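Worksheet: one structure, shown below.
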Amino acid sequence: MGEWLRAQEVEIEKCLCSTARRTMQTFECVQIGYDQQIAVDYAEKLYASSPREIVRHLQKLDNEIQTVLLIAHNPGLETLVEMWSGHARAFPTAAIAIFTFDSITDWIEITVECTPVEEQFQIPSQLQ
């Protein structure tokens with residue numbers, strides 16, 4: 011999935027990652043495929059968090075950061091993706107959803123009610 015992100019020319023500036031072993035392993039795999047160093051902040055509270063709790067982590071980001079990789083858990087992450095995209099979809103392990111929000115100029119403005127102007131979605135099984 012890191013290779014896919016690199017091919018999309020996504021410039022990841024920061025990763026917010028749960029402290030669960032599996033999410034940290036996912037980050038390591040993404041980092042290898044992405045082939046560039048990504049600054050990472052590990053957050054124990056991303057484990058079993060609701061969409062609103064996930065968004066609260068995003069709201070704390072420095073405004074110099076434009077692109078963040080979020081590695082968390084279902085059902086919270088899957089529900090957040092559904093809220094932002096407007097439709098339900100399975101969000102399996104290592105799936106990636108990319109959202110672009112043009113109306114947000116400060117991370118504190120991001121909410122579960124935001125509407126992205128662009129969306130991309132990729133799951134590992136589609137890459138084979």
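Start counting the sequence shown at 11; every next residue gets the next number (my numbering). We treat Cβ as the ideally placed atom computed from N, Cα and C, and that holds for glycine. Quick caveat, the model's predicted, so the values are computed rather than measured.
(message) Rounding to the nearest angstrom, what Cα-Cα distance links Val50 and Lys24 in this structure?
(response) 6 Å
(request) Could you name the residues that DSSP lists as bridge partners for Cys27? (result) Tyr52 and Ile81
(message) Taking a contact to mean a Cβ-Cβ separation below 8 Å, would you say Leu26 touches His83 in this structure?
(response) no
(request) Identify whether Ala105 lies in helix, strand or coil by the three-state DSSP scheme. (result) coil
(request) Name the one or two DSSP bridge partners that Phe131 has. (result) Ala107
(request) Determine the extent of the alpha helix (DSSP H) in which Trp14 is found, giving its start and end residues. (result) Gly12 to Ala17
(message) Shorter than 7 Å, the distance from the beta carbon of Glu74 to the closest heavy atom of the ligand NAP, or not?
(response) Although the ligand NAP was asked about, the structure shown includes no ligands whatsoever.
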